[in-house]
Structures are given as structure tokens and as C-alpha cells.
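The structure appears below as C-alpha cells.
There are 2 protein chains.
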Amino acid sequence: MRLDDLVTPALVVDAPALEHNLTTMAAALPGERLRPHVKAHKCTALADRQAAVGYGGFTCATVRECEGLAAAGLGDDLLLANEVLDARRLGALVAAGHRVTLCVDSPETVEAAAAGGVREVVIDVNVGLPRCGCPPGEAGALAELAASRGLEVRGVQGYEGHVVGLEDADERTAKCRESMEMLRQAHKAVGGELMTAGGTGTYAINTWASEIQAGTYVLMDSAYGRLNLPFRQAVYVLATVISTSAAGWSVLDAGLKAFGMDHGNPAIDGSSVWFCSDEHLTFSPTRPVGDRVLVTPAHLDPTVAYHERMYLADLASGEVLEIWPVDLRGW
Amino acid sequence: MRLDDLVTPALVVDAPALEHNLTTMAAALPGERLRPHVKAHKCTALADRQAAVGYGGFTCATVRECEGLAAAGLGDDLLLANEVLDARRLGALVAAGHRVTLCVDSPETVEAAAAGGVREVVIDVNVGLPRCGCPPGEAGALAELAASRGLEVRGVQGYEGHVVGLEDADERTAKCRESMEMLRQAHKAVGGELMTAGGTGTYAINTWASEIQAGTYVLMDSAYGRLNLPFRQAVYVLATVISTSAAGWSVLDAGLKAFGMDHGNPAIDGSSVWFCSDEHLTFSPTRPVGDRVLVTPAHLDPTVAYHERMYLADLASGEVLEIWPVDLRGW
Chain E
1 MRLDDLVTPA LVVDAPALEH NLTTMAAALP GERLRPHVKA HKCTALADRQ
51 AAVGYGGFTC ATVRECEGLA AAGLGDDLLL ANEVLDARRL GALVAAGHRV
101 TLCVDSPETV EAAAAGGVRE VVIDVNVGLP RCGCPPGEAG ALAELAASRG
151 LEVRGVQGYE GHVVGLEDAD ERTAKCRESM EMLRQAHKAV GGELMTAGGT
201 GTYAINTWAS EIQAGTYVLM DSAYGRLNLP FRQAVYVLAT VISTSAAGWS
251 VLDAGLKAFG MDHGNPAIDG SSVWFCSDEH LTFSPTRPVG DRVLVTPAHL
301 DPTVAYHERM YLADLASGEV LEIWPVDLRG W
Chain B
332 MRLDDLVTPA LVVDAPALEH NLTTMAAALP GERLRPHVKA HKCTALADRQ
382 AAVGYGGFTC ATVRECEGLA AAGLGDDLLL ANEVLDARRL GALVAAGHRV
432 TLCVDSPETV EAAAAGGVRE VVIDVNVGLP RCGCPPGEAG ALAELAASRG
482 LEVRGVQGYE GHVVGLEDAD ERTAKCRESM EMLRQAHKAV GGELMTAGGT
532 GTYAINTWAS EIQAGTYVLM DSAYGRLNLP FRQAVYVLAT VISTSAAGWS
582 VLDAGLKAFG MDHGNPAIDG SSVWFCSDEH LTFSPTRPVG DRVLVTPAHL
632 DPTVAYHERM YLADLASGEV LEIWPVDLRG W
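Protein chains in written order, with my numbering: chain E, 1 to 331; chain B, 332 to 662.
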């Protein structure tokens with residue numbers, strides 16, 4: 001099968017770029033130094049590739065992601081980096097022999113973990129992003145509460161999500177240090193082997209965390225592409241020019257249902273993207289009707305979540321190598 | 332089953348509001364005056380409800396939507412309101428006895444229609460939105476080309492997509508008239524029974540089109556909610572409060588993978604939405620952990636496309652009535 005045979009829009013992954021990203025990260029953060037976050041790609045076949053370069057633990061954002069990895073034989077050490085109020089499906093995974101560690105940040109989520117049959121937790125700590133996590137000063141008491149409910153506390157999590165995307169590298173480093181200082185204080189009070197944090201934007205500078213939760217690095221997007229990281233753009237939406245106007249624009253058959261839009265428009269090399277509609281993207285300069293165009297997503301995670309499958313291909317030769325279901329979608 | 336039993340995030344449809352929207356539109360534009368656009372809901376069960384109030388024809392944005400409607404027994408008169416370069420799957424539907432009409436706006440798309448086995452087309456005309464459609468003055472020649480290739484030309488399409496969302500009603504009416512004047516000129520040159528156009532924002536004022544392609548009216552979103560239309564908000568994402576901070580915010584378990592974001596943040600009645608992350612929404616004022624919250628999407632179509640199913644429910648009683656697969660996703 002060749003790229004020209006694919007129904008468009010199609011999510012395509014460039015095999016050499018993927019390989020570069022896998023090996024680059026494996027050299028920088030080998031083994032237990034990285035816990036790849038699967039929310040970025042939602043694909044067990046790609047997680048298999050990450051396991052093949054030495055990773056035994058994975059980070060998940062949803063219960064479904066945990067279930068899918070476990071079903072794919074990748075359930076040796078799963079961290080659900082999120083709070084849940086109903087942990088019964090996670091408890092079922094634990095009962096089936098998988099290792100699942102859950103984040104807790106409140107008495108209610110501790111209770112949910114215990115009631116659902118989860119045995120191991122980390123204390124989620126707020127390190128500056130207004131989202132989940134308890135204040136650093138409350139982490140110790142929460143760990144005690146968890147222990148009193150029979151839960152083993154493996155350590156702390158503190159995601160510096162307000163830092164990972166900062167384009168100024170010095171600012172990114174300084175703010176990462178601030179966040180990790182907060183997490184270290186919490187870790188002192190909590191104990192445990194895990195101090196889990198970080199993302200693609202801080203994988204190289206967050207030297208305080210025991211492990212980094214990067215996910216985007218493996219496929220990349222235009223937002224992280226601005227940070228001068230050593231990873232290559234490996235994923236695109238392949239689209240077809242379905243209309244061209246003499247007034248100066250062309251239209252692709254990929255739109256709001258093919259791209260996550262929270263980071264703005266996707267990008268086309270050498271072109272200006274005007275706007276997206278549900279199933280269209282208008283751009284200039286014009287291209288002939290029937291041309292196929294590679295479009296770079298602005299934000300990887302919500303883009304992948306729109307697609308049923310991704311096509312591993314050699315973009316240079318046009319050959320499709322493998323078809324990978326995006327099998328971790330939904331909740 | 333009750334709403335409290337659902338895994339969140341969950342797309343829920345309020346049955347009384349849906350019924351109101353179905354009957355309100357059926358009274359305003361009965362039978363052949365409306366060709367409901369299924370791209371808004373991507374759900375054959377919901378299309379069945381539209382058929383039950385008198386609609387025999389449907390508008391689609393993708394080949395997959397045509398295939399799904401045909402498989403569900405709703406293939407009596409499908410219009411693919413879009414251009415395609417490979418019409419073979421549509422030709423297969425035609426060969427199987429379904430009626431499929433395809434838009435064409437160029438010699439290439441005429442050729443694709445003929446080569447793929449489609450027998451009926453409409454000439455897609457640009458009426459002001461920089462997207463698909465030939466110039467009005469070229470519609471006649473394109474219709475002749477199509478006829479010369481053995482295609483029956485059923486009329487013209489001209490979508491006033493730059494008009495449907497205008498919040499000023501007078502401006503919306505004036506610009507709709509301008510667009511439809513362009514479409515009438517094209518129709519004069521092309522002939523045929525169809526002059527298909529319009530959307531939820533112009534369903535009542537576009538009196539020139541022979542049929543209106545509205546889709547959002549049946550479920551609605553906050554963008555169209557600002558236009559003082561007689562339709563009620565019928566769809567929400569049900570989410571759970573998973574974290575609450577004493578610093579003044581709460582966090583839901585629904586984010587960028589549950590909401591189309593091109594129209595901005597979704598809305599919570601009486602609350603301020605701060606921002607969305609992949610699986611989170613931060614808002615204020617705070618709500619207790621474990622509370623369930625209904626969130627109104629800003630843009631319906633790309634929101635529905637993230638969900639595997641929608642739950643028809645009576646929100647007042649909390650009872651779930653039916654589970655409808657969102658079975659027209661993908662391409």
C-alpha cells in the first residue's frame with residue numbers, strides 16, 4: 001500500500017522521524033528515567049515501540065488508556081496521572097495482576113482509590129498550574145490518610161504544565177526549578193521512590209524528578225516544534241486538494257474533525273493556512289486539484305484523538321509500512 | 332440506567348429539548364424544505380428521529396456519512412455537500428440502489444464523479460465564503476461538462492457559511508440575500524429542481540433556497556445559542572469534579588478531547604471556564620469533588636466527533652433512555 005492509496009484525511013507517521021525520536025529520547029532518558037505518556041498518541045502499537053527501546057512503565061491520562069495498555073501486555077507499571085472518583089475499573093486491572101498506580105489529591109480521591117481496589121497511589125501536588133494537585137504543604141497529611149486506608153504511597157507527582165510550553169529556554173528552566181522545589185518539599189514529607197513530573201518541554205532540564213512523563217516527543221507538533229528540541233516532526237495529516245479558486249486559495253478535505261484546534265491552526269510548509277471548517281482547510285498559495293498535502297498539527301494530543309488509525313509510512317518513498325489503530329481513545 | 336451511572340465525560344442529549352427542536356423545525360421547514368445535515372450529530376439513530384418527523388433526504392459532509400446512512404436504511408436521497416476526488420465508494424452505494432448526489436465545482440471533480448459511478452450531481456457555487464464552489468458565472472459551463480459526461484445535474488448548491496453565524500440579524504438577512512442572488516444567477520444557467528443552501532443560522536431567512544441544509548438546530552451549541560433562534564440547548568458533556576482548590580478553582584474530567592475548541596471554551600451555566608487541558612477543564616467558583624456538571628459545547632460538530640456514543644436522557648429526572656452510537660465518525 002502506498003500513501004496515494006489512502007482515503008484522506010489520514011494520520012500518517014514518518015517511520016524514520018519516529019525512529020529518530022525514539023532513539024534520541026532513549027539515549028537522553030533511558031529506562032526508568034522516562035515514563036512515556038500515552039495520552040499523546042493513544043496507540044498501543046506505538047507504546048510497543050517505546051517498550052522496545054527500554055521503557056517498562058507508562059503514564060496514562062484516562063482509565064481507558066490503562067485498560068488498553070494492560071490488554072496489550074504493557075501493564076507492568078502503569079501510572080494514571082489523574083484523579084478519578086470511581087476506581088473500580090482500575091481495581092479490576094489490579095486484581096487481574098497488572099500494576100496500576102493512581103494519583104490522589106484529596107480525601108475523596110483517596111477514598112475512591114481504596115474503595116475501587118487500587119493498592120498503590122502517588123500524592124498529586126500542585127506546583128503552579130491551576131489544575132489538580134494538593135498544596136505542597138498538605139501532601140504529607142494526605143499520604144498519611146492514604147496509608148491509613150491501606151494504600152501504599154509510592155511518592156509524589158507534580159506536573160509543571162504551565163512551564164513545559166514556554167518558548168524562552170531560560171525562563172523555562174527557572175520556572176521548572178521553582179516548581180520542582182515545591183515538589184521536593186512535598187516529597188520530603190511523603191517519601192517513596194517516585195517523584196514523577198515533566199513533559200516534552202522540560203525533559204532535558206527537569207533533573208529533579210525521578211522520572212519524566214513526556215509524550216509528545218515521539219510524534220511532535222508545531223507548538224513543541226518552536227522549542228528547538230532535538231525531536232523531528234513525525235506525524236502529519238495527509239489531505240487532498242478538493243477545490244482551487246482562481247481568486248487565490250485552495251481547499252483541503254481535512255478540517256475541524258481532523259485537527260485539535262486549541263493551539264490554533266495547523267500548518268502547511270510554505271503555505272498560509274486561512275481557516276478550517278468542519279471538513280475543510282482553506283490555504284494559499286493555490287495547489288492543483290488532486291494534489292496531496294501534509295499538514296502539521298498544532299497540538300498533537302487532541303488531533304490524534306480524532307483519528308481511528310495512524311499509518312506508519314516512509315514519506316520519502318511513499319510506502320505505507322504498518323497500520324496502527326488509535327485504540328486508546330474514549331474513556 | 333441513570334446519569335449518575337455514566338462514566339464521564341459523557342455526551343448527553345436532553346430528550347425533551349431534542350423533541351422541541353425536532354418539532355419546531357418540522358413546523359417551520361417541513362418535508363422537502365429541509366435536508367438535515369448529519370455532520371452536526373454523526374448519528375444514524377438521531378437521523379432516524381429526523382426521518383420520523385418527515386425528512387426523506389439528508390445532507391452529508393463525508394463519504395463515510397453517506398455509507399452509514401445508507402447502511403441504516405436512510406439512503407433514499409443523500410446529498411454529499413462536498414467535493415471528492417475518488418467517488419468509487421459513492422458509486423458502489425449508487426450501484427446498490429441508494430440515491431447519492433455529489434457536489435462538483437471543477438472539471439476534475441466532474442471527472443471523479445463520472446469515473447466513480449455517481450450518476451447525479453449538483454454544481455457547487457461559491458457565494459462568498461472562500462472555500463469550495465465555482466464562480467457563479469462558470470456554473471452553466473460546468474453543468475454542460477457534467478451532462479456531456481453522462482451525469483444528471485440536479486441543480487446548484489451555494490453555502491453561505493460566512494453568513495450563518497452573524498449575530499446581527501439584519502446583517503445576516505442582507506448578506507444571505509446577496510449570496511442567494513448569486514446562487515439564483517447560477518441556477519438560471521444550470522437548471523434543475525435543487526437550489527440547496529443554508530444552515531441553522533439562516534434557516535428562517537433563506538427563503539430563496541429550495542431546501543435548507545441545517546444540522547446544528549437539532550442539538551445546538553453556545554455559538555448558535557447567541558442568535559435568538561427558537562431551538563433549545565439539547566446536548567451537553569457531563570463531567571465530574573475531580574479536584575477542588577482552596578485557592579478558588581475546581582477541575583472537571585473533560586477537556587480538549589471532549590470538546591471542539593475552534594469556537595473557544597465550552598460554557599458552564601453560572602460558572603467561569605478558565606481553560607481546558609487534554610482531559611481537564613478548570614473553572615470557578617468551586618464545586619465539591621464528586622459533583623457532576625453539564626458543560627455546553629461552543630461548537631457542536633467537532634465536539635460530537637470526539638465521542639463514541641451519546642446518551643439520550645431526561646435531564647430533569649436523571650434517567651438515561653437510550654444509548655446512541657456516534658456511528659458516522661471518520662472518513
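Think of the CB as a built atom: it goes at the ideal place given N, C-alpha and C, for glycine as much as any other residue. Source: prediction; values computed, not measured.
Check your understanding: Any idea what DSSP makes of Ser-222 of chain E, helix, strand or coil?
Key -> Position 222 of the first sequence, counting from 1, holds the residue named residue 222 of chain E. Ser-222 of chain E: helix per DSSP, three-state reduction.
Check your understanding: Closest Cβ-Cβ distance between Gly-556 of chain B and chain E: below 8 Å?
Key -> Counting from 1 along the second sequence, the entry for residue 556 of chain B is found at position 225. So, not an interface residue.
Practice item. Determine contact between the segment 183-203 of chain E and the segment 216-230 of chain E, defined as no fewer than three beta-carbon pairs at a distance below 8 Å. Key: yes
Review point. So which residues of chain E does Glu-414 of chain B contact, with C-beta pairs closer than 7 Å?
Key: Mapped onto the second sequence, residue 414 of chain B falls at position 83. Neighbours of Glu-414 of chain B on chain E, chain order: Ile-242 and Ser-243.
Exercise for review: Kindly indicate if chain E contains any beta-carbon less than 8 Å away from that of Met-592 of chain B.
Suggested key: The residue labelled residue 592 of chain B in the question sits at position 261 within the second sequence. Judged by the 8 Å Cβ criterion, Met-592 of chain B is in contact with chain E.
Practice item. Go through its chain and collect everything with a Cβ distance to Lys-506 of chain B's Cβ below 6 Å, but skip five positions before and after it. Key: Reading the second sequence from its first residue, position 175 is the one you call residue 506 of chain B. Excluding positions up to five away in sequence, the list reads Val-494.
**Study point:** Own chain partners of Arg-364 of chain B with C-beta closer than 7 Å, once the 5 adjacent residues on each side are dropped
**Key:** Within the second sequence, the letter at position 33 stands for residue 364 of chain B. Taken in chain order, the residues that qualify are Glu-542 and Ile-543.
Exercise for review: State buried or exposed for Leu-475 of chain B, treating a residue as buried only when at least 16 other CB atoms are found within 10 Å of its CB.
Suggested key: Counting from 1 along the second sequence, the entry for residue 475 of chain B is found at position 144. For clarity, residue 475 of chain B is Glu in the given sequence; the question names Leu instead. The residue in question, Glu-475 of chain B, is exposed, as its Cβ has fewer than 16 Cβ neighbours within 10 Å.
Practice item. Could you tell me which uninterrupted alpha helix (DSSP H) segments, each at least 4 residues in length, are contained entirely in the segment 106-131 of chain E, listed from first to last along the chain? Key: 107-116
Check your understanding: Which word fits Ser-250 of chain E, buried or exposed, when buried means at least 16 other C-beta atoms lie within 10 angstroms of its C-beta?
Key -> Start at 1 with the first residue of the first sequence, and residue 250 of chain E comes out as number 250. Label assigned to Ser-250 of chain E: buried.
Practice item. Would you verify that the beta carbon of Asp-221 of chain E is, or is not, closer than 8 Å to some beta carbon of chain B? Key: By one-based count along the first sequence, residue 221 of chain E stands at place 221. So no, Asp-221 of chain E is outside the interface.
Check your understanding: Where does Met-1 of chain E land, buried or exposed, given buried means 16+ other C-beta within 10 angstroms?
Key -> Taking the first sequence and counting its residues from 1, one reaches residue 1 of chain E at position 1. The residue is exposed, with fewer than 16 neighbouring Cβ atoms inside 10 Å.
**Study point:** For Gln-332 of chain E, the first and last residue of its enclosing alpha helix (DSSP H)
**Key:** The displayed coordinates of chain E run from 1 to 331. Any statement about residue 332 of chain E would go beyond what the structure contains.
**Study point:** Any chain B beta carbon closer than 8 Å to Tyr-236 of chain E
**Key:** Residue mapping note: residue 236 of chain E aligns to position 236 of the first sequence, counting from 1. No, no contact with chain B.
Point to revise | For Asp-455 of chain B and Asp-436 of chain B, the rounded distance between their alpha carbons | key: What you label residue 436 of chain B is simply residue 105 of the second sequence in a count that begins at 1. What you label residue 455 of chain B is simply residue 124 of the second sequence in a count that begins at 1. Cα to Cα, the separation comes out at about 5 Å.
Check your understanding: In this structure, does DSSP put Ser-271 of chain E in helix, strand or coil?
Key -> Looking up residue 271 of chain E in the first sequence gives position 271. Three-state DSSP puts Ser-271 of chain E in coil, outside helix and strand.
Exercise for review: With 8 Å as the threshold, decide whether the Cβ of Gly-492 of chain B is near any Cβ in chain E.
Suggested key: For the purposes of this step, residue 492 of chain B is taken as the residue at position 161 of the second sequence. Yes, because at least one Cβ of chain E sits closer than 8 Å to the Cβ of Gly-492 of chain B.
Point to revise | Assigned secondary structure, Met-195 of chain E (DSSP; H/G/I helix, E/B strand, else coil) | key: Residue numbering aside, residue 195 of chain E sits at position 195 when the first sequence is read from its first letter. The answer is strand: DSSP assigns Met-195 of chain E an E or B state.
Point to revise | Distance, Ser-576 of chain B Cα to Cys-134 of chain E Cα | key: As a working note, residue 134 of chain E is residue 134 in the first sequence. As a working note, residue 576 of chain B is residue 245 in the second sequence. C-alpha separation (whole angstroms): 7 Å.
Check your understanding: How would you label Ile-242 of chain E, buried or exposed, when you count the other beta carbons within 10 angstroms and need 16 or more for buried?
Key -> The count along the first sequence starts at 1 and reaches residue 242 of chain E at position 242. So Ile-242 of chain E ends up on the buried side.
Review point. Could you give the residue range of the beta strand (DSSP E) that holds Cys-374 of chain B?
Key: The sequence position of residue 374 of chain B within the second sequence is 43, counting from 1. Unbroken run through Cys-374 of chain B: none, as it is neither H nor E.
Check your understanding: His-429 of chain B and Ala-392 of chain B: beta carbons closer than 8 Å?
Key -> Locating residue 429 of chain B in the second sequence gives position 98, where the first residue counts as 1. Locating residue 392 of chain B in the second sequence gives position 61, where the first residue counts as 1. No. Outside cutoff.
Practice item. Assuming Ala-629 of chain B and Arg-660 of chain B form a contact by the criterion Cβ under 8 Å, report the distance between their Cβ atoms to the nearest whole angstrom. Key: For the purposes of this step, residue 629 of chain B is identified with residue 298 of the second sequence, where counting begins at 1. For the purposes of this step, residue 660 of chain B is identified with residue 329 of the second sequence, where counting begins at 1. About 19 Å; that fails the 8 Å criterion.
**Study point:** Proximity to Tyr-311 of chain E [Cα-Cα], best of E:Val-7, E:Asn-265 and E:Val-13
**Key:** Position 311 of the first sequence, counting from 1, holds the residue named residue 311 of chain E. Minimum Cα distance to Tyr-311 of chain E is reached at E:Val-13.
Review point. Going along the chain, which residues of the segment 291-321 of chain E sit with their C-beta nearer than 7 Å to a C-beta in chain B?
Key: Asp-301, Pro-302, Ala-305, Tyr-306 and Glu-308
**Study point:** Inter-residue spacing [alpha-carbon to alpha-carbon] between Pro-616 of chain B and Trp-605 of chain B
**Key:** Your numbering for residue 616 of chain B matches position 285 in the second sequence. Your numbering for residue 605 of chain B matches position 274 in the second sequence. Computed Cα separation, rounded: 10 Å.
Review point. Can you give the beta carbon distance from Gly-486 of chain B to Val-453 of chain B, rounded, assuming they're within the 8 Å contact cut?
Key: Start at 1 with the first residue of the second sequence, and residue 486 of chain B comes out as number 155. Start at 1 with the first residue of the second sequence, and residue 453 of chain B comes out as number 122. Contact holds; Cβ gap of about 5 Å.
Check your understanding: Name the chain B residues whose beta carbon is nearer than 8 Å to that of Cys-132 of chain E?
Key -> Reading the first sequence from its first residue, position 132 is the one you call residue 132 of chain E. Those are Ile-573, Ser-574, Val-582 and His-611, listed as they occur along chain B.
Review point. Using a beta-carbon distance below 8 Å, is Lys-188 of chain E in contact with chain B?
Key: Stepping through the first sequence from its first residue, residue 188 of chain E is reached at position 188. So no, Lys-188 of chain E is outside the interface.
Review point. Given Glu-439 of chain B, which residues of its chain have a CB within under 8 Å of its CB, disregarding the five upstream and five downstream residues?
Key: By 1-based counting over the second sequence, the position of residue 439 of chain B is 108. Excluding positions up to five away in sequence, the list reads Leu-416.
Review point. For Gly-447 of chain B, which residues from the same chain have a beta carbon less than 7 Å from its beta carbon, with the 5 sequence-adjacent residues on both sides left out?
Key: Position 116 of the second sequence holds residue 447 of chain B. Asp-417, Ala-418, Arg-419, Leu-421 and Gly-422.
Review point. So what does DSSP say about Tyr-217 of chain E, is it helix, strand or coil?
Key: Numbered from 1 along the first sequence, position 217 holds the residue referred to as residue 217 of chain E. Tyr-217 of chain E falls in the helix class under three-state DSSP.
Review point. Start and end of the alpha helix (DSSP H) containing Leu-346 of chain B?
Key: Looking up residue 346 of chain B in the second sequence gives position 15. Inspection of the sequence shows that residue 346 of chain B is occupied by Ala rather than by Leu. Element bounds for Ala-346 of chain B: 346-359.
Check your understanding: Hey, out of B:Gly-523, B:Ala-540 and B:Ala-500, whose CA is closest to Met-513 of chain B's CA?
Key -> Within the second sequence, the letter at position 182 stands for residue 513 of chain B. Selected option, being the one with the closest Cα: B:Ala-540.
Review point. Can you give the beta carbon distance from Asp-301 of chain E to Leu-587 of chain B, rounded, assuming they're within the 8 Å contact cut?
Key: For the purposes of this step, residue 301 of chain E is taken as residue 301 along the first sequence, with counting starting at 1. For the purposes of this step, residue 587 of chain B is taken as residue 256 along the second sequence, with counting starting at 1. 7 Å between Cβ atoms; contact.
Exercise for review: Taking the CB atoms as reference points, tell me whether Ser-510 of chain B and Gly-481 of chain B lie closer together than 8 Å.
Suggested key: The residue you call residue 510 of chain B lines up with position 179 of the second sequence. The residue you call residue 481 of chain B lines up with position 150 of the second sequence. Not a contact, by the Cβ cut-off of 8 Å.
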